[in-house]
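Residues 860 to 1041 (the numbering used here) are what the sequence shown spells out, left to right.
Don't be surprised by glycine CBs; every beta carbon is placed ideally from N, CA and C.
All figures in this text were calculated on a predicted structure; none of them were measured in a lab.
Heads up: the structure comes next, in structure tokens.
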Amino acid sequence: MVSKVWKDPVWSKVIAVAILALLSFIGTWALDLLPPVTNGLVSAWNWVMTDVAIPMWLLLLLLVPTGLLVVAVSSALLEKVRSNPENMPEWKKYTSDHFFGARYEWQWSRYNEPEHFVPFCTMCDAMMTQFVSPSFMSPTVQLICESCGHKGVEVEGSRGDLKRKVIINIDRNARLLAKEQQ
Ligand SMILES: [Zn+2]
């Protein structure tokens, strides 16, 4: 129906004229409206710029939430910039490596220390478990995959010693990466 009317030469002219009339009406109306709008903006600006006397305690009270908001917003922005992989230093992207027959994954703490180490099996990718030998004189610790039976390197010492050795390795490699990027 609409396309039929539109294709009709007489009707299409009538519609075109009607649209033009409507547009010119809207245009005139908008122009008439303009002075009050600019007047409104001027008076709003004047109102905002008015001097008022307020007690100092109220000013301080208002400054506290404002300061907190500024700190919160800027720290959130900083965190966003930092967590962007493009802005991340090369050593911070280093979160996985092979040590003592296992593939370790870890995260960097906000104090730039590796944390949350998890050893994974190099054969089947399952999480590995630490087994401490019962020997009192020379205790050893070894990572064992309970899924496929793969065994990591036997390390002298306790669980704490194994963790320390892993940290030393991560720390050395991360510092090498940081030096390369300089
Ligand atoms: Zn395995």
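Would you report the Cα separation of residue i and residue j, rounded to the nearest angstrom?
i	j	result
L1002	P948	31 angstroms
I1026	C1007	26 angstroms
F958	V940	32 angstroms
A875	E945	55 angstroms
V896	T887	15 angstroms
S902	Q1041	56 angstroms
State the CB to CB distance for the pair residue i and residue j, rounded to an integer number of angstroms; the pair is presumed to be in contact (CB under 8 angstroms).
i	j	result
I1029	P978	In fact, because the Cβ distance is near 13 angstroms, the residues do not count as touching under 8 angstroms.
Y953	N1032	6 angstroms
W950	L1036	4 angstroms
V1012	G960	4 angstroms
Can you give me the Cβ contacts of residue i inside the same chain, cut-off strictly under 6 angstroms, excluding the 5 residues immediately before and after it?
i	result
C980	M987, C1004, H1009
C983	S1006, C1007
L882	none
In its own chain, which residues sit with a C-beta less than 8 angstroms from the C-beta of residue i, not counting the 5 before and 5 after it?
i	result
S955	R962, Y963, E964, W965
L919	none
Quick one, which of the options has its alpha-carbon nearest residue i's?
i	options	result
G1016	S994, R1034, L1036, I1026	S994
V1014	Q989, R1034, K1038	Q989
Considering only residues of the same chain and omitting the five flanking positions on each side of residue i, which have a CB-CB separation below 7 angstroms?
i	result
V991	P998, V1000, S1017, R1018
S968	E974
- request: Decide yes or no for the touch test of the stretch 926-939 against the stretch 1020-1035: beta carbon pairs closer than 8 angstroms, at least 3 of them.
  value: no
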